[in-house]
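The next block holds one structure in the form of structure tokens; read it before the comments.
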Amino acid sequence: MKRSLISQSKRQTSPITTLTHIQKKKKKKGVFVIPMACAFATILIKVKSLSDGFNIRRELNSCFVVFFVSFLLYLLIMVYGYFRPDDIKVRMIASTFLITTTINVVAYIKAYFIVVAAYRKDPVDQALLAEIDELPLEVLLSKRDWFQAFMQHLVSEFSIENLLFTCEVQQFRSTLHYQKLRFYVVSVYVVIIID
């Protein structure tokens with residue numbers, strides 16, 4: 227039985243014949259590739275319309291390139307395996323190495339973009355931050371552009387509650403200031419009426 231399989235695989239010399247032979251024998255095993263490729267292509271198409279502040283599009287494109295190159299190398303390993311069926315150990319080692327390398331490269335890509343996104347500065351924010359030297363916080367938050375730059379800085383530092391606290395303090399101060407002005411207006415009005 228083994229000899230007949232080996233002799234059949236040795237007779238096939240063309241890579242196209244080998245791939246059709248693989249498809250005939252193992253139709254069910256390769257079916258998982260189609261939905262995965264369709265899902266990945268759909269995600270890439272949908273992400274193109276989004277703004278890429280967090281480098282999601284670049285990360286997905288890099289992962290797609292890694293998967294595509296790995297898939298081509300895996301096809302080469304399969305074709306080599308059908309031309310040389312005796313080298314099972316070589317195919318196993320090469321396949322394992324390829325799979326682990328692909329997983330590690332994708333993990334490094336994801337980690338790289340997380341680190342890059344943390345240190346990446348928007349050009350508009352850099353211009354605003356260069357304009358702001360040593361201003362008090364009240365003056366800094368009084369202008370809308372500076373407030374937006376400060377808010378984005380706090381979002382990148384994961385401390386948005388500090389911004390909310392600052393806004394509450396400013397509202398409280400303006401309320402106190404308004405109450406003091408109202409008190410002065412009432413006292414001036416009373417003084418004018420008495421005089």
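Here the sequence shown is numbered in the working numbering, starting from 227 and rising by one per residue.
Glycine is no exception: its CB is placed at the ideal position from the N, C-alpha and C atoms.
Just so we're clear, the structure is a prediction, and the values are computed from it rather than from any experiment.
Inset, instruction - Under 8 Å by Cβ, that's how I've got I335 and V292 pegged, so tell me the actual separation to the nearest angstrom. - result: 7 Å
Inset, instruction - Can you grab the Cα-Cα spacing for the pair F376 / L301, in whole Å? - result: 51 Å
Inset, instruction - Using alpha carbons as the reference points, say which of C393, N287, F297 lies closest to A370. - result: Here residue 370 is Arg; the residue named in the question, Ala, does not match the sequence. Out of C393, N287, F297, C393 has the C-alpha closest to the C-alpha of R370.
Inset, instruction - Could you pull the start and end residues of the alpha helix (DSSP H) that N287 belongs to? - result: Element bounds for N287: 282 to 309.
Inset, instruction - Throw me the rounded Cβ distance for the R284 and K274 pair, which I believe falls under 8 Å. - result: Contact doesn't hold; Cβ gap of about 12 Å is too wide.
Inset, instruction - Rounded to whole angstroms, what's the CA-CA distance from D313 to L298? Just pull it up for me. - result: 20 Å
Inset, instruction - Within 10 angstroms of the Cβ of F391, are there 16 or more other Cβ atoms? Answer buried if so, exposed if not. - result: exposed
Legend entry - Own chain partners of A333 with C-beta closer than 6 Å, once the 5 adjacent residues on each side are dropped: none
Inset, instruction - Note the first and the last residue of the continuous alpha helix (DSSP H) segment covering D371. - result: 370 to 382
Inset, instruction - Indicate the three-state DSSP secondary structure (helix, strand or coil) for K272 in the structure shown. - result: helix
Inset, instruction - Sort Q378, T327, I319, K315 by Cα distance to S296 and report the nearest one. - result: Taking only the C-alpha atoms, the option nearest S296 is T327.
Legend entry - T268 versus G307 - alpha carbon distance: 33 Å
Inset, instruction - Give a yes or no on whether the C-beta atoms belonging to L286 and F266 are separated by under 9 Å. - result: yes
Inset, instruction - Apply the 10 Å Cβ neighbour rule to F398 and answer buried if 16 or more other Cβ atoms are within range, or exposed otherwise. - result: exposed
Inset, instruction - Rank M318, F294, T401, K272 by C-alpha distance to the C-alpha of V331 and give the top, closest one. - result: F294
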